[in-house]
């Protein structure tokens, strides 16, 4: 068995650990008591939820993103790079059969994500306010994901990077439920209850 094939199996094992870890986090979240809102609704909760996941995520919807538009764009590109790197991992066994357009798209988006991550790291280091809010786990998560995206970009550049990309993919998957990367599941709950709460009060939607 080649080193690349071995790392491929390790990635699958890491994926199982990731799913199990996120499932455990999700179970702990759903096990918390839910206290329904007893106030009489004045608006549509579902309209608020739809708004929270659509227009409420646009840069003009919040004062912080209106005032800090470039950091908002950086964050969007960074997360697009994450999705591109996950897609890269999913299609990696068939790399040689993919058209050149897919290869170029993968190279561009993983590269953009890596650059966005690098800028985010530098912002946490040199911006006094961000530095005061950042903890070692924040740095570790951003650095890991940024290096992982860079490995994804290298994979599209030269298939000899496949084993390294798989190794970093396995490490990232294992780290997801253990580090602040796990906010990927909490995000959906926070947006849902944000829209539910303010939609019922006719503030959103």
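Residue numbers (the working numbering): 38 to 242.
C-beta: ideal position from N, C-alpha, C; glycine also.
Straight across, the Cα-Cα distance linking residue 192 with residue 115 is about 18 Å. Straight through space, the alpha carbons of residue 131 and residue 164 are spaced by roughly 42 Å. Selection 221, 150 and 129 evaluated against residue 196 yields 129 as nearest (Cα-Cα). Taking a cut-off of 8 Å for Cβ pairs, the stretch 204-223 and the stretch 156-171 do not touch, as fewer than three such pairs fall below it. Going by DSSP, residue 105 is part of no alpha helix (DSSP H) at all; its letter is neither H nor E. Closest option to residue 150, judged by alpha-carbon separation, among 136, 179, 160 and 137: 179.
Of the candidates 235, 101, 225 and 240, the residue whose Cα lies closest to the Cα of residue 90 is 225.
Rounded to whole angstroms, the separation of the alpha carbons of residue 158 and residue 76 is 43 Å. Taking C-beta atoms as the reference points, residue 194 and residue 41 fail to come closer than 7 Å. Between the C-alpha atoms of residue 187 and residue 73 there is a straight-line separation of about 45 Å. The shortest CA-to-CA distance from residue 124 to any of 140, 71 and 109 is the one to 140.
Collapsing the DSSP output to three states places residue 213 in coil. Around the beta carbon of residue 240, fewer than 16 other beta carbons sit within 10 angstroms, so the residue counts as exposed. Here residue 48 is buried. Its C-beta has 16 or more other C-beta atoms within 10 Å.
For residue 217, the closest of 202, 183 and 174 by C-alpha to C-alpha distance is 174. Taking the C-beta atoms as reference points, residue 103 is found nearer than 7 Å to residue 97. As the crow flies, the alpha-carbon of residue 227 is around 13 Å from that of residue 88.
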